[in-house]
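The block underneath contains the structure these notes are about, expressed in structure tokens.
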Amino acid sequence: MGYWGYFVVGRDRRPLAGLEALSGAGDGMTLRTSAPGGWQVWEFPGSGDVGSMNDLARETGAPALFGYVMNSDCVVVEAAAPRGGAWTTCLARAATAGYLGADREGLTLEDYFLEPRDAAERAVGWAAEAGHTADADALVEVLTADPDPVAENLFFRLLDRLGVVPE
2 MGYWGYFVVG
12 RDRRPLAGLE
22 ALSGAGDGMT
32 LRTSAPGGWQ
42 VWEFPGSGDV
52 GSMNDLARET
62 GAPALFGYVM
72 NSDCVVVEAA
82 APRGGAWTTC
92 LARAATAGYL
102 GADREGLTLE
112 DYFLEPRDAA
122 ERAVGWAAEA
132 GHTADADALV
142 EVLTADPDPV
152 AENLFFRLLD
162 RLGVVPE
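Following my numbering, the numbering of the sequence shown begins with 2 at its first residue and continues without gaps.
Written as structure tokens, this is what we have:
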């Protein structure tokens, strides 16, 4: 059985777990890693209420990103930035479609998530608002890749391509 849970990414001088925007997680979050510039990656195992990514971006004044990992097979990515707004995509698209059962209900993955090229363009804007430069083609490579061997690796590769946490 693989990992189920959230990775919460944001930038602040204070620990993210103590912020009002993430109060839904209670004491269930642990710091996974930190990076220069105040970036933090917190982990919240399971599927409970971790809080609001939009509220986190507002509270910190910086871009924020959530990654919900499903059985280490795929990751739903939600991102927000104070000026750039919110967007959603996924990593390991075929596996994500299987978990959502999109084909059984006549819906496609694109009914739920941005297509890789569109997500990459939004991610470039997200990174710019964070003070980083990101390459859309490098992001598309991550957004269309298969897990190797676990989807968590794709998520951390995405963070690297966004300039947030080196891989």
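All residues carry an ideal CB built from backbone N, CA and C; glycine is no exception.
Along the chain, where does the beta strand (DSSP E) containing residue i start, and where does it finish?
i, result
"Thr169", "No statement about residue 169 is possible, as the shown extent of the chain runs from 2 to 168 and does not include it."
"Glu44", "Trp40 to Pro46"
"Leu32", "Thr31 to Ala36"
"Glu79", "Cys75 to Ala82"
Would you say residue i and residue j are within 8 Å of each other, going by their C-beta atoms?
i, j, result
"Gly19", "Glu44", "no"
"Phe156", "Val70", "yes"
"Tyr122", "Ala137", "Looking at the sequence shown, residue 122 is not Tyr but Glu. In contact: Glu122 and Ala137 (Cβ atoms closer than 8 Å)."
Rounded to a whole number of angstroms, what is the C-alpha to C-alpha distance between residue i and residue j?
i, j, result
"Leu144", "Gly68", "13 Å"
"Arg14", "Asp161", "21 Å"
"Met2", "Asp74", "10 Å"
Determine the closest residue to residue i out of the options, with distance taken between C-alpha atoms.
i, options, result
"Ala22", "Leu57, Pro37 and Gly11", "Leu57"
"Glu170", "Gly39, Thr61 and Ser53", "The chain is shown from 2 up to 168; residue 170 falls before or after that span and cannot be answered."
"Thr90", "Ala120, Gly99 and Asp74", "Ala120"
"Ala95", "Val165, Phe8, Arg33 and Ala152", "Ala152"
"Pro167", "Gly25, Trp40 and Ser24", "Trp40"
"Leu164", "Pro83, Gly49 and Ala139", "For the sequence presented, residue 164 should be read as Gly rather than Leu. For the residues Pro83, Gly49 and Ala139, the minimum Cα distance to Gly164 belongs to Ala139."
Between which two residues does the alpha helix (DSSP H) harbouring residue i extend?
i, result
"Val141", "Ala137 to Leu144"
"Ala87", "No alpha helix (DSSP H) holds Ala87; the beta strand (DSSP E) holding it covers Gly86 to Leu92."
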